[in-house]
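Participant:
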Amino acid sequence: MDKLEKSEQAWREQLTEAQFQVCRLKGTERPFTGEYYRKGPPGVYHCVCCDAPLFDTDTQFDAGCGWPSYWAPVSEAAIATAEDFSHGMHRIEVLCARCDAHLGHVFPDGPPPTGLRYCINSVCLRLESRA
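All residue numbers for the sequence shown refer to UniProt numbering, where the first residue is 1 and numbers rise by one.
Written as structure tokens, this is what we have:
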């Protein structure tokens, strides 16, 4: 996958303020407020920054946390991870592998088969329906 790099100004021009705050400045949206915290129609969620496919509704589940949650990305190559020590805790940050957009975090408390919970901000995603 080719890396997509843009200047901060180019990202500001492309994204809404909310998208820029979360995707580029590593913010978060409030729980239970995002468009996709409930499972939508069958499809694939794409990165709002670069349109890379990231998560499939087939792996989405209700974790009760207020953010869209998935037990796996569409492929291991779709995402990257990084250690995050912000806010006085240690978490694993989830990034879009193509454009390095901050998506959310992954936790080891998800359902089988992976046992993982990819907790992702709705504002980072765009659902492409299969219907």
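Glycine residues also receive a C-beta, built at the ideal position from the N, C-alpha and C atoms.
Does residue 60 pass the burial test, meaning 16 or more other C-beta atoms within 10 Å, or should it be called exposed?
Facilitator: So residue 60 ends up on the buried side.
Participant: Taking 8 Å as the threshold, find out whether the stretch 58-78 comes into contact with the stretch 106-124 through three or more Cβ pairs.
Facilitator: At 8 Å Cβ cutoff, the stretches touch.
Participant: Whose C-beta lies closer than 7 Å to the C-beta of residue 74 among residues of the same chain, with five residues either side of it excluded?
Facilitator: So the qualifying residues of the chain are 44, 53, 54, 55 and 56.
Participant: Touching or not, the stretch 30-39 and the stretch 84-95, by the rule of three or more beta carbon pairs under 8 Å?
Facilitator: The stretch 30-39 is not in contact with the stretch 84-95.
Participant: If I follow the unbroken alpha helix (DSSP H) through residue 91, where does it start and stop?
Facilitator: Taken as a continuous stretch (DSSP letters only), residue 91 belongs to no alpha helix (DSSP H), being part of the beta strand (DSSP E) at 91-96.
Participant: Hey, would you say residue 72 sits closer than 8 Å to residue 114, going by beta carbons?
Facilitator: Yes; because the gap between Cβ atoms is below 8 Å, this pair is in contact.
Participant: For residue 28, which of 5, 77, 93 and 51 has the nearest alpha-carbon?
Facilitator: Nearest of 5, 77, 93 and 51 to residue 28, Cα basis: 93.
Participant: In terms of residue numbering, what span does the alpha helix (DSSP H) encompassing residue 12 cover?
Facilitator: Start and end: 8-14.
Participant: For the beta strand (DSSP E) holding residue 47, just list the boundary residues, first then last.
Facilitator: Note, residue 47: beta strand (DSSP E), 43-47.
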